[in-house]
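Sequential numbering of the sequence shown, starting at 34, is according to my numbering.
Backbone N, C-alpha and C fix where the C-beta goes; we use that ideal spot for every residue, glycine too.
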Amino acid sequence: MAFTTINGNVVHYELIGEAKAKNLIVFSNGLGTDFRIWLPLFDELDDDVSVLFYDSRGHGLSGGADKPFGMADLVSDLATLCDELGIRKATFCGLSVGGLVCQGLWQERPDLFRKLILCDTAPRIGSAEIWAERIAGIEKDGIESAADSAMARWFTPAFHDDRADELAGYRLMMTRQSKAGYLSTCAALRDTDFSDVLPTITVPTLFVVGDQDGSTPPATVEAGSQLVPGARFEVIDDCAHIPSVEQPEALAELIQGFMRKQAN
């Protein structure tokens with residue numbers, strides 16, 4: 034567990050391996066989560082893979098929730114963290130809003146990229162109306178009021194039935210996030226559309242989605258993949274919005290196959 038100050042805010046991160054490793058993967062987490070969502074996946078990756086996990090602004094043990102922020106701030110945080118740690122090039126892997134952060138990072142700092150992995154994400158997630166409704170509900174009733182519907186999108190019915198203890202834990206992860214940080218991230222999602230950015234991506238790119246994702250359904254993710262020249266699109270069976278938790282072995286197999294095939 035490590036901490037640094039980025040753009041005036043404390044950032045919680047963990048670098049395992051070497052910052053200059055050719056097989057370094059930088060992971061960016063989704064709304065209402067922290068970098069612990071990547072740990073089941075990490076257990077399935079080859080031992081020689083280097084990784085950087087971090088909690089995005091206003092989430093987990095990272096600060097910055099005390100004042101409003103937007104997508105540009107989230108992108109700047111990641112770019113600055115990479116610079117501080119001496120990361121010159123990496124494969125970036127983002128889930129949901131983390132995928133948008135990675136798209137924004139490509140727009141601002143393409144020099145950092147070897148490859149790109151976009152999990153359960155799109156150039157735009159949801160509509161302005163959906164996010165306005167979500168924001169209003171949480172402002173009035175707190176994150177708890179959105180937790181049950183989020184769990185239904187995050188995990189399949191089978192996960193709910195067979196892994197109830199884990200479900201309860203991830204629900205607590207969401208409800209214990211900073212309300213202000215959650216709301217700012219919702220606003221960032223509301224205001225972001227990277228449809229014009231995806232066609233500019235020139236590094237090998239993999240899109241992955243769970244077949245039962247209720248937040249970014251397969252058709253939505255596939256449509257995004259079609260905007261990136263030469264992108265690969267894969268669906269993970271028996272999985273919803275967070276494959277790193279629900280199907281980590283399948284996601285690890287896709288990632289490692291992609292890394293080996295697209296070595297550069």
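Beta-carbon to beta-carbon, G214 and L231 are separated by about 27 Å, too far to satisfy the 8 Å threshold. The region 155 to 172 makes no contact with the region 84 to 103, as fewer than three CB pairs between them are under 8 Å. The distance from the Cβ of S129 to that of L216 is about 16 Å, inconsistent with a contact at the 8 Å cut-off.
Taking C-beta separations shorter than 6 Å and ignoring five residues to either side along the sequence, the partners of E77 in its chain run P281, E282, A285, following chain order.
The shortest CA-to-CA distance from V134 to any of L200, R121, I150, A52 is the one to I150.
Across the set D110, C115, I288, P101, the C-alpha of C115 shows the shortest separation from the C-alpha of E51. Where H92 is concerned, there is no enclosing beta strand (DSSP E), because DSSP gives it neither an H nor an E. Within the region 158 to 210, the alpha helix (DSSP H) runs of at least 4 residues that lie entirely inside it are, in chain order, 161 to 174, 177 to 187, 190 to 195, 197 to 208.
Nearest to A252 by C-alpha distance, out of R204, D144, T154, is T154. The alpha-carbon of T66 is positioned some 20 Å away from that of A165. For T249, the three-state secondary structure derived from DSSP is coil. Counted as a single uninterrupted DSSP element, the beta strand (DSSP E) harbouring F240 occupies residues 238 to 243. Secondary structure note for C115: it is in no beta strand (DSSP E), and the uninterrupted alpha helix (DSSP H) holding it is 104 to 118.
Here the alpha carbons of I58 and F192 stand approximately 27 Å from one another. Between A123 and R147, the C-beta spacing is below 8 Å. For E47, the uninterrupted beta strand (DSSP E) run begins and ends at 42 to 49, by DSSP.
Boundaries of the beta strand (DSSP E) around G127: 123 to 128.
Per DSSP, reduced to three states, the secondary structure at C219 is helical. Here S83 is actually not in contact with N40; their C-beta atoms are around 24 Å apart, not less than 8 Å. Assignment of C135 by DSSP, reduced to helix, strand and coil, places it in the helix class.
By the neighbour-count definition (other C-beta atoms within 10 Å, threshold 16), R223 is a buried residue.
DSSP places A285 inside the alpha helix (DSSP H), whose first and last residues are 281 to 294. Look at R69 here: in three-state DSSP terms it is helix. E279 sits buried, since 16 or more C-beta atoms from the chains shown fall within 10 Å of its C-beta. Short of 6 Å from the beta carbon of E267, and not among the five residues preceding or following it, lie these beta carbons of its own chain, in chain order: V241, L287.
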